[in-house]
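*Asks:* Those protein sequences? They're chains G and L, same order as listed.
Residues 3 to 116 in my numbering are what the first sequence spells out, letter by letter.
Residues 8 to 119 in my numbering are what the second sequence spells out, letter by letter.
A virtual CB, placed ideally from N, CA and C, is assigned to each residue, including glycine.
All of these numbers come straight from a predicted model, not from anything done at the bench.
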Amino acid sequence: DVKVTQSSRYLVKRTGEKVFLECVQDMDHENMFWYRQDPGLGLRLIYFSYDVKMKEKGDIPEGYSVSREKKERFSLILESASTNQTSMYLCASKPGSTSTDTQYFGPGTRLTVL
Amino acid sequence: DQQVKQNSPSLSVQEGRISILNCDYTNSMFDYFLWYKKYPAEGPTFLISISSIKDKNEDGRFTVFLNKSAKHLSLHIVPSQPGDSAVYFCAAPTGGGNKLTFGTGTQLKVEL
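1) What residues of chain G sit near Leu107(L), judged by a beta carbon separation below 7 Å?
2) Which one or two residues does DSSP pair with His79(L) in a beta bridge?
3) State the DSSP-derived secondary structure class of Asp91(L), mapped to helix, strand or coil.
4) Measuring CB to CB, does Ala83(G) end up less than 8 Å from Glu19(G)?
5) According to DSSP, what are the bridge partners of Lys96(G)?
6) Kindly indicate which residue of Asp3(G), Asn33(G), Val26(G) has the alpha-carbon position closest to the one of Pro97(G).
7) To the nearest angstrom, how far is it from the Cα of Ile25(L) to the Cα of Arg70(G)?
8) Can you find the residues in the same chain that come closer than 6 Å, C-beta to C-beta, to Tyr39(L), ignoring five residues on each side of it along the sequence?
9) Taking the beta strand (DSSP E) that Asn64(L) belongs to, which residues open and close that run?
10) Check whether the Cβ of Tyr32(L) lies closer than 8 Å to any Cβ atom in chain G.
11) Measure the Cβ-Cβ separation of Asp66(L) and Ile55(L) and say whether it is below 8 Å.
Rendered as structure tokens:
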């Protein structure tokens with residue numbers, strides 16, 4: 003069974019703080035993704051990584067960066083948190099690069115920036 | 008530009024009846040579609056998919072229909088159960104197949 007875990011379920015931070023969201027998958031998947039989910043906007047891709055140390059911007063990368071030093075771990079970094087980054091953050095992983103490969107999601111981190 | 012659209016943000020259905028969730032897409036090059044289901048405070052889970060070479064795929068109570076000429080797909084749940092109450096997202100692979108583009112989701116509520 004694929005397992006994707008995220009370091010925190012709920013997080014409250016202040017404006018301007020540096021925030022780290024961690025994601026770990028245990029199935030040796032090549033690809034990992036960070037999304038945010040907002041009401042009325044669905045899931046939007048922030049960044050993804052197809053290999054260790056490799057990353058690509060998604061649809062809304064502004065204000066975020068990522069790090070993938072090990073295959074199983076993908077971190078999302080908010081350099082200076084802002085209130086418009088209050089959201090549900092979802093991490094996902096996928097075994098290969100073909101379109102029919104399923105993405106497996108973690109439980110999400112509800113981030114509130116005050 | 009929203010390439011995958013779910014125009015109904017919510018749907019309410021009685022237990023035992025059919026639920027029909029709709030999804031439209033704009034890119035005729037899309038050749039594979041997925042439906043994900045999401046409960047509150049959980050990550051989305053894969054539900055069912057369909058390839059563009061088919062017009063129907065069935066898995067138990069869930070059936071997805073694809074109308075390529077109309078660029079439209081729908082998810083049918085029969086019979087609907089209270090445990091089906093969740094947000095449903097349709098999605099299509101993009102960016103060479105490695106990324107997914109999601110619709111905005113439809114909140115399904117199945118009432119007793």
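*Replies:* Based on what the coordinates show:
1) Taking a Cβ-Cβ threshold of 7 Å, the residues of chain G close to Leu107(L) are Gln105, in chain order.
2) Asp31(L), Asn74(L)
3) helix
4) yes
5) Asn33(G)
6) Asn33(G)
7) 44 Å
8) Hits under 6 Å: Ser58, Pro100.
9) Taken as a continuous stretch (DSSP letters only), the beta strand (DSSP E) holding Asn64(L) covers 63-66.
10) no
11) yes
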